[in-house]
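K.L.:
Chains as they are written, first to last, in the numbering used here: chain L, 1041 to 1221; chain S, 1041 to 1221.
Beta carbons are placed, not taken as given, at the ideal position from N, Cα and C, and that holds for glycine.
Predicted, not measured: the structure shown is a model, and the values here were computed from it.
Handing you a structure now.
Protein chains: 2
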Amino acid sequence: MNEAAAAVLLYPQFSEYELSVALSILMQGGKPILTAGVEGGPVKGEAGLICIPDTNIEDLYHEEIDSLVLPGCMDIMIIADDERWTAFLKEIESRMTVIAGISSSPLLLAKAGLLKGKKYTAGLNEQAREESGVFEKENYSEDLVVEDGKIITARGRGFIEFGNAVGEALGLSFDEGWYKG
Amino acid sequence: MNEAAAAVLLYPQFSEYELSVALSILMQGGKPILTAGVEGGPVKGEAGLICIPDTNIEDLYHEEIDSLVLPGCMDIMIIADDERWTAFLKEIESRMTVIAGISSSPLLLAKAGLLKGKKYTAGLNEQAREESGVFEKENYSEDLVVEDGKIITARGRGFIEFGNAVGEALGLSFDEGWYKG
């Protein structure tokens, strides 16, 4: 059996830079990835890169993956209203060893119930977090990256630290110096 | 007439993270981009993102663009041996106001003659630079980012500073705080 992959969720308007260092560290560490959209067809990132996901969340065999990486997204409210994403997260949670979401994507994790009782951060302001009605206020942290059990959350400007945290949580070996200016 | 775009060259094994902050800054500043491959068809980045270029360098109207961004690439020697890339760079140089290459991509600029008499840096070690036979040794700099006239070159780990330099050279307004951990 092949080594389990990290699934990287690609929704419209995903943030390329927030994802890029985590992707590079997965590559450095030899961790296979499977990018996954919904429905099929190309997905355009917020900065204009048009990507073809390797697969769709509907077609992904859960045995193929052991971890999830969620980029931020300009239109996260739209993505969060699409129940296919949250249903997928609920279904797959127990099989995953690492679930990592940066910037606005912790909203998806919260909506799917994956942040219950967990410390987290998110690149959403207090008003947005409260209005969403899905975040536990008392467990919010201002830290750049927060790890609680299998859940890693990060603020967007912590995208390098987020990548490092994902790599370390997966036990990968990689050179952090690639990303240090 | 629409505002001229920045052309972003996408070759096989391009480095997603090295490009990502520059792309994000172009987006923040409202600068249109055109990603360009050769031949058509998807292009896979070094960390596994499969991208569809907006166009090909053969089909790009030179009037559509005023600047070039070149990501690094694991296989730059192969790309540099493909004369379509260097021919394109030679042809288009005089029309461009900014030509920016990070990591290994200054090799393409040097091979096309664009670094003649210019200060530059590159993410290639001394042996690789010498063996290529296209770099002027006396104009090499160890700096993370080097600007000389319209040419911007950078080392890979300076990808955030590279993005900032591209944005500033194009006179864009953007918030650097997005990328500061």
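1) So for S:N1096, helix, strand or coil by DSSP?
2) Can S:N1179 and S:I1065 be called in contact, C-beta distance under 8 Å?
3) Answer yes or no: do L:M1067 and S:A1087 have a C-beta to C-beta separation smaller than 8 Å?
4) For the alpha helix (DSSP H) containing S:T1126, list its first residue and its last residue.
5) According to a CB-to-CB cut-off of less than 9 Å, which residues of the region 1137–1165 of chain L neighbour chain S?
6) What are the start and end residues of the beta strand (DSSP E) that includes S:V1061?
7) Residues of the region 1191–1204 of chain S in Cβ contact with chain B at a cutoff of 7 Å, in chain order, please.
8) Would you decide whether L:I1142 is buried or exposed? Buried here means 16 or more other CB atoms lie within 10 Å of its CB.
9) Please return the same chain residues whose Cβ sits closer than 6 Å to the Cβ of S:I1090, not counting the five positions on each side in sequence.
10) Provide the residue(s) that pair with S:A1039 in DSSP beta bridges, ordered along the chain.
11) Indicate whether L:R1124 and L:I1097 have their beta-carbon atoms separated by less than 8 Å.
12) Using a cut-off of 8 Å between C-beta atoms, extract the partners of S:S1064 located in chain L.
13) Take L:F1175 as the anchor and find which of L:V1109, L:E1103, L:P1146 has the nearest alpha-carbon.
14) Just the Cα atoms here: how many angstroms apart are L:E1170 and L:V1185?
15) State the start and end residues of the unbroken alpha helix (DSSP H) segment that holds S:G1203.
16) Can you find the residues in the same chain that come closer than 7 Å, C-beta to C-beta, to S:L1129, ignoring five residues on each side of it along the sequence?
17) So, are the CB atoms of L:L1074 and L:E1104 less than 8 Å apart?
18) If we ignore side chains and look at the alpha-carbon of each, how far apart do L:T1137 and L:K1190 end up?
19) Using a Cβ-Cβ cutoff of less than 7 Å, which residues in the same chain neighbour S:M1114 once the five nearest sequence positions on both sides are dropped?
20) For L:K1159 and L:I1139, I'd like the C-alpha separation in whole angstroms.
21) Determine, for L:I1090, whether the minimum Cβ-Cβ distance to residues of chain S falls below 8 Å.
22) So that I know if they touch, is there some Cβ in chain L lying closer than 8 Å to that of S:L1049?
23) What does S:Y1160 pair with, by DSSP beta-bridge criteria?
24) By the three-class DSSP mapping on this structure, what secondary structure does L:A1150 have?
25) Compare the beta carbon distance of S:L1108 and S:L1049 with 8 Å and say whether it is the shorter of the two.
26) I'd like to know whether the C-beta atoms of S:Y1219 and S:I1200 end up nearer to each other than 8 Å.
27) How far does the beta strand (DSSP E) with L:A1168 in it extend, from its first residue to its last?
28) Mapping DSSP to helix, strand and coil, what is L:A1120?
P.N.:
In short, the structure shows the following:
1) What you label residue 1096 of chain S is simply residue 56 of the second sequence in a count that begins at 1. DSSP places S:N1096 in strand when its eight states are reduced to three.
2) Sequence index remark: in the second sequence, residue 1179 of chain S carries index 139 (1-based). Sequence index remark: in the second sequence, residue 1065 of chain S carries index 25 (1-based). No.
3) The residue you call residue 1067 of chain L lines up with position 27 of the first sequence. The residue you call residue 1087 of chain S lines up with position 47 of the second sequence. Cβ atoms of L:M1067 and S:A1087: closer than 8 Å.
4) Translated into the one-based positions of the second sequence, residue 1126 of chain S becomes position 86. Its alpha helix (DSSP H) spans residues 1123–1132.
5) Within the region 1137–1165 of chain L, no residue has its Cβ closer than 9 Å to any Cβ of chain S.
6) As a working note, residue 1061 of chain S is residue 21 in the second sequence. Element bounds for S:V1061: not the beta strand (DSSP E) but the alpha helix (DSSP H), 1056–1068.
7) Chain labels in this structure do not include chain B; the protein chains are L and S.
8) For the purposes of this step, residue 1142 of chain L is taken as residue 102 along the first sequence, with counting starting at 1. Its Cβ being crowded by 16 or more others within 10 Å, L:I1142 is buried.
9) Residue 1090 of chain S sits at position 50 when you count from the first residue of the second sequence. Once the five neighbours on either side are set aside, the close Cβ partners of S:I1090 are P1082, K1084.
10) With chain S covering only 1041 through 1221, there is no way to say anything about residue 1039 of chain S.
11) Taking the first residue of the first sequence as 1, we reach residue 1124 of chain L at position 84. Taking the first residue of the first sequence as 1, we reach residue 1097 of chain L at position 57. Their beta carbons are under 8 Å apart, which means L:R1124 touches L:I1097 by this criterion.
12) Indexing the second sequence from 1 puts residue 1064 of chain S at position 24. Correct list: S1055, E1056, Y1057, E1086, A1087.
13) Here residue 1175 of chain L is taken as the residue at index 135 of the first sequence, counted from 1. Here the closest residue by C-alpha is L:P1146.
14) If you number the first sequence from 1, residue 1170 of chain L lands on position 130. If you number the first sequence from 1, residue 1185 of chain L lands on position 145. If I take the Cα positions, the gap works out to 20 Å.
15) Numbered from 1 along the second sequence, position 163 holds the residue referred to as residue 1203 of chain S. 1199–1209 is the extent of the alpha helix (DSSP H) around S:G1203.
16) For the purposes of this step, residue 1129 of chain S is identified with residue 89 of the second sequence, where counting begins at 1. For S:L1129, where only same-chain residues beyond five positions count, the Cβ hits under 7 Å are L1148, L1149, A1152, L1154.
17) Within the first sequence, the letter at position 34 stands for residue 1074 of chain L. Within the first sequence, the letter at position 64 stands for residue 1104 of chain L. In this structure, L:E1104 lies closer than 8 Å to L:L1074 by Cβ.
18) Translated into the one-based positions of the first sequence, residue 1137 of chain L becomes position 97. Translated into the one-based positions of the first sequence, residue 1190 of chain L becomes position 150. One Cα belongs to L:T1137, the other to L:K1190, and the distance between them is close to 6 Å.
19) Mapped onto the second sequence, residue 1114 of chain S falls at position 74. So the list reads Q1053, E1086, once near-sequence residues are dropped.
20) For the purposes of this step, residue 1159 of chain L is taken as residue 119 along the first sequence, with counting starting at 1. For the purposes of this step, residue 1139 of chain L is taken as residue 99 along the first sequence, with counting starting at 1. Distance between the alpha carbons of L:K1159 and L:I1139 is about 13 Å.
21) Here residue 1090 of chain L refers to the residue found at position 50 of the first sequence. With 8 Å as the cut-off, L:I1090 counts as an interface residue toward chain S.
22) Here residue 1049 of chain S refers to the residue found at position 9 when the second sequence is read from its first residue. It does not: the Cβ of S:L1049 has no partner Cβ on chain L nearer than 8 Å.
23) Within the second sequence, numbered from 1, the residue matching residue 1160 of chain S stands at position 120. Its beta-bridge partners are S:Y1180.
24) Position 110 of the first sequence, counted from the start, is the residue given in the question as residue 1150 of chain L. It is helical.
25) The sequence position of residue 1108 of chain S within the second sequence is 68, counting from 1. The sequence position of residue 1049 of chain S within the second sequence is 9, counting from 1. Taking 8 Å as the Cβ cut-off, S:L1108 and S:L1049 qualify as a contacting pair.
26) Working through the second sequence from its first residue, we reach residue 1219 of chain S at position 179. Working through the second sequence from its first residue, we reach residue 1200 of chain S at position 160. Taking 8 Å as the Cβ cut-off, S:Y1219 and S:I1200 qualify as a contacting pair.
27) Here the question's residue 1168 of chain L lines up with position 128 in the first sequence. Counting along the chain, no beta strand (DSSP E) covers L:A1168; the unbroken alpha helix (DSSP H) around it starts and ends at 1166–1172.
28) What you label residue 1120 of chain L is simply residue 80 of the first sequence in a count that begins at 1. DSSP places L:A1120 in helix when its eight states are reduced to three.
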